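First the structure, in the form of structure tokens, and then the observations on it.
Numbering (the working numbering), first residue to last: 7 to 387.
Have a look at this one:
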């Protein structure tokens with residue numbers, strides 16, 4: 007011990023060793039957007055959001071230190087615990103705002119569906135790693151079953167937004183694992199025909215006496231509101247109408263920071279969470295929105311680059327799926343805020359207020375950092 011000396015530079019290097027500089031820079035830009043917009047949209051929540059930043063960054067750093075092989079070893083138990091907790095929600099969960107999504111475990115309440123956003127791609131990446139080079143059609147059927155179970159349990163809570171995100175995270179892994187286009191094309195055609203039919207016969211299908219069977223009434227109303235927000239401008243269509251007004255009124259350069267009338271006159275609902283993109287577009291205009299989109303695009307490029315050069319089959323699947331999850335969050339949120347997708351309660355990634363989604367997304371960043379660090383280690387050995 008007599009020869010040991012405190013070396014702050016070496017300590018800092020050790021602390022930053024698992025961090026990918028490009029990912030950290032892009033994450034910093036997005037969190038900067040969140041900080042600026044939160045001061046305008048909901049300044050009273052800023053302190054809480056800064057706390058969320060700290061927790062999320064800590065979770066990211068811890069995940070970045072884990073080796074991908076260690077993550078995959080956790081895949082099966084994490085998936086099993088997630089499914090058991092979802093069953094617990096179904097039988098013992100607490101009801102809030104008409105949905106049964108929370109489970110009281112004594113010391114706190116948890117939302118088990120959030121666990122599956124990470125557990126689902128981990129589980130499927132581990133599953134296909136076991137079958138690398140010998141994947142058969144039956145393996146894709148088993149993977150689909152592994153996906154359908156948590157998807158169905160979340161959907162019946164009901165939580166359409168989270169169930170779609172979990173489904174997407176699993177489908178991306180299945181696709182990257184080599185799912186044949188012969189199976190993909192019929193599903194895409196069926197979706198196009200279904201959406202086209204709803205658009206073409208929307209007036210008839212949206213009548214009160216028509217039961218859509220596969221969707222709950224509130225979900226049907228969201229789709230019908232998307233087709234015609236003016237059907238109920240002061241009720242179900244209010245969100246979309248006010249959001250599109252905010253986006254359109256921002257113009258090219260925006261009205262200026264903290265000068266958005268839709269935001270500060272309280273016309274824009276959920277302005278600090280799901281509709282924070284409308285705040286951005288109103289106050290910073292097209293320029294601010296394009297910079298944000300460019301940041302997301304660079305994040306996707308970096309994620310796919312890490313996936314392309316990942317050292318193992320499972321890490322390639324996992325990195326590709328995590329990157330596509332970022333895309334899904336951003337696409338769905340901006341689509342629903344601008345009125346081209348139904349409102350499903352998906353936050354703008356890294357920007358919307360909230361701790362749970364932010365921690366989940368930063369865990370995804372940590373997974374990418376871990377995979378990149380394992381590639382560097384494999385190359386240097």
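Glycine included, C-beta positions come from ideal geometry on N, C-alpha and C.
Keep in mind that this is a model prediction, so the values were computed, not measured.
Residue i, buried or exposed, once every other Cβ within 10 Å from all chains shown has been counted against 16
i           : result
residue 278 : buried
residue 68  : exposed
residue 286 : buried
residue 169 : buried
residue 127 : buried
residue 165 : buried
residue 27  : exposed
residue 196 : exposed
Euclidean distance between Cα positions of residue i and residue j
i           : j           : result
residue 174 : residue 51  : 30 Å
residue 72  : residue 80  : 11 Å
residue 262 : residue 340 : 20 Å
residue 217 : residue 223 : 8 Å
residue 236 : residue 243 : 6 Å
residue 366 : residue 124 : 7 Å
residue 229 : residue 385 : 50 Å
residue 227 : residue 44  : 30 Å
residue 198 : residue 57  : 43 Å
residue 121 : residue 260 : 38 Å
residue 258 : residue 193 : 39 Å
residue 270 : residue 141 : 55 Å
residue 213 : residue 362 : 37 Å
residue 5   : residue 288 : An answer regarding residue 5 cannot be provided, because it is not within the stretch 7 to 387 covered by the chain.
residue 347 : residue 382 : 40 Å
residue 353 : residue 187 : 31 Å
residue 38  : residue 298 : 11 Å
C-beta atoms of residue i and residue j nearer than 8 Å
i           : j           : result
residue 316 : residue 377 : yes
residue 328 : residue 309 : yes
residue 303 : residue 332 : no
residue 359 : residue 55  : yes
residue 320 : residue 84  : no
residue 89  : residue 42  : no
residue 201 : residue 211 : no
residue 266 : residue 252 : yes
residue 74  : residue 311 : no
residue 82  : residue 301 : no
residue 249 : residue 274 : yes
residue 323 : residue 131 : yes
residue 338 : residue 283 : no
residue 63  : residue 159 : no
residue 40  : residue 357 : yes
residue 119 : residue 191 : no
residue 153 : residue 176 : yes
residue 349 : residue 247 : no
Residue i (DSSP reduced to helix, strand or coil)
i           : result
residue 109 : strand
residue 50  : helix
residue 352 : coil
residue 215 : coil
residue 7   : For residue 7, the predicted structure reports a pLDDT of 46, less than 50, and the residue's modelled location is therefore unreliable. The matter cannot be settled from this model.
residue 116 : strand
residue 276 : coil
residue 100 : strand
residue 134 : helix
residue 183 : coil
residue 124 : helix
residue 316 : coil
residue 59  : helix
residue 66  : helix
residue 223 : helix
residue 328 : helix
residue 359 : coil
residue 265 : coil
residue 23  : coil
residue 157 : helix
residue 258 : coil
residue 242 : coil
residue 346 : coil
Contacting residues, own chain, Cβ-Cβ under 7 Å from residue i (five flanking each side not counted)
i           : result
residue 146 : 180, 185
residue 117 : 107, 108, 362
residue 61  : 361, 365
Cβ-based neighbour list, residue i, same chain, cut-off 8 Å, excluding 5 preceding and 5 following
i           : result
residue 7   : Its pLDDT being 46, under 50, residue 7 is placed unreliably by the model, and the measurement read from it follows with that caveat. Cβ neighbours of residue 7 beyond the five flanking positions: none.
residue 137 : 145
residue 48  : 277, 278, 359
residue 99  : 106, 107, 108, 109, 163
residue 25  : 67, 70, 375
Residues of its chain near residue i, where Cβ-Cβ distance is below 6 Å and the 5 sequence neighbours each way are ignored
i           : result
residue 66  : 368, 371, 372
residue 264 : 46
residue 178 : 327, 330
residue 135 : 319, 320
Cutoff 8 Å: residue i Cβ touching any chain B Cβ
i           : result
residue 324 : Of the protein chains in the structure, only one exists, and it is not chain B.
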